[in-house]
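I have placed the structure first, in the form of structure tokens, so that the comments after it can refer back to it.
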Amino acid sequence: MKKIGIQPFGTTSAGEEANLYTIAFKDGSSFSATDYGASIVSCVVPDKDGKMTDVVLGYENVKDYEQQDMFMGSVIGRHANRIKGASFTLNEKEYRLCANEGCNHLHGGNSGFQKKLWKGESRDNKIIFSLFTPHMEEGYPGSLQVSVIYSFTKYHTLHIDYTAVCDQDTIINLTNHAYFNLAGHDAGNIQNHFLKVNSDFYTPGAADSVPTGEIMSVEGTPFDFREEKQIGKDINKENQQLEYGCGYDHNFVLAKEKESYGEAARAWCSTTGISLIVETTLPGMQLYSGNHIHGEPLGKNGTVYHKRDGFCLEAHFFPSGLTYSHFPQPILRKGEIFRHRTTYSFGIR
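According to the numbering used here, the sequence shown is numbered sequentially starting from -15.
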């Protein structure tokens, strides 16, 4: 039996009332998200002994989500990841964006989707968040209407469905920035987790972590996750790319047909036995090993989150896609519908 509950989640600094939406099952498993940033707050699934375990890092209230700077569990937009030089050219016109990470644009700018209070509702046993962002907000052309639908099944599968339409040509690249720890959100370092990535190639970055435009083979590098290995196995090896990212913070080219729905990655924790399979329609996936997690604010149940206490598997278009014509292009034309799905399936191994 499934039920959806809605409860207050605090008041934003602007005086807006935020809510927490929860899908819960009789076995004790549940999924919760807040309308602030359309952020995933928790995902509780059974471990190998039947113990219910919250595998997503998060916070207790909306004020902590406002304060934190790690994009914890949030939907990222209008363009996830980095855009080189904080600008792009579309239809022969240059658009200047906010440079909020050095000279580059990161995760939608200073007022990205993670800092918005979305309209929330529950319908047909789903949590639906919608957002309107006006023409030229953060420098992006077109008035955009976005919808994110979370559905969580009794089989412990989380579907995230993204849709968007715009009144003129624009760019869009949506993802979710959930931090996972399959030993439990409060269990500490994730470097002993096992990971397999369905990718033969990755896009190396420059010193500022923006892709150089190269598409390089993972063979013989610390980025080779074609066979399952621990996240921490090669993370401290002498490698310029790892130095640039302070660990893994790189986009992988997924080995599947363009626009098709297919497997991106698998992860597993031997301590709890909890496994995770990621599937998506999107062409790339950012592996982020939580290199810049820090202890403020305190997480759920007063937990202090430290460096590498969570990892992200962010399905998306490649970073700075419009900079390089051979990258998949995150262009949404007027009259078209942006429609993509990413699924996180939890199980026991």
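Backbone N, C-alpha and C fix where the C-beta goes; we use that ideal spot for every residue, glycine too.
- Under DSSP, Glu1 shares a beta bridge with Thr(-5).
- For the 8 Å CB-CB criterion, Pro125 and Gln152 form a contact.
- A check of alpha carbon separations from Leu81 across His91, Glu122, Arg62 identifies Glu122 as the nearest.
- Under the three-state reduction of DSSP, Glu78 is assigned to strand.
- Asp19 is the residue among Glu320, Lys10, Asp19 whose C-alpha sits nearest the C-alpha of Lys103.
- Restricting attention to beta strand (DSSP E) runs no shorter than 3 residues, the stretch 15 to 82 encloses them at 23 to 30, 36 to 38, 71 to 74, 77 to 80, ordered along the chain.
- Beta-bridge partners assigned by DSSP to Thr159: Ile60.
- With respect to the C-alpha of Leu90, the residue from Pro267, Glu227, Leu226, Ser193 having the closest C-alpha is Ser193.
- Every beta strand (DSSP E) of 3 residues or more that sits fully in the stretch 116 to 141 is shown, in chain order, as 128 to 136.
- CA-to-CA, the gap between Gly61 and Ala249 works out to about 22 Å.
- Cα atoms of Lys284 and Val46: separation of roughly 12 Å, rounded to the nearest angstrom.
- In terms of Cα proximity to His119, the closest of Glu76, Asn109, Thr154 is Thr154.
- Beta-carbon to beta-carbon, Tyr272 and Asn235 are separated by about 10 Å, too far to satisfy the 8 Å threshold.
- Taken atom to atom, the span from the alpha-carbon of Val40 to that of Met54 is near 14 Å.
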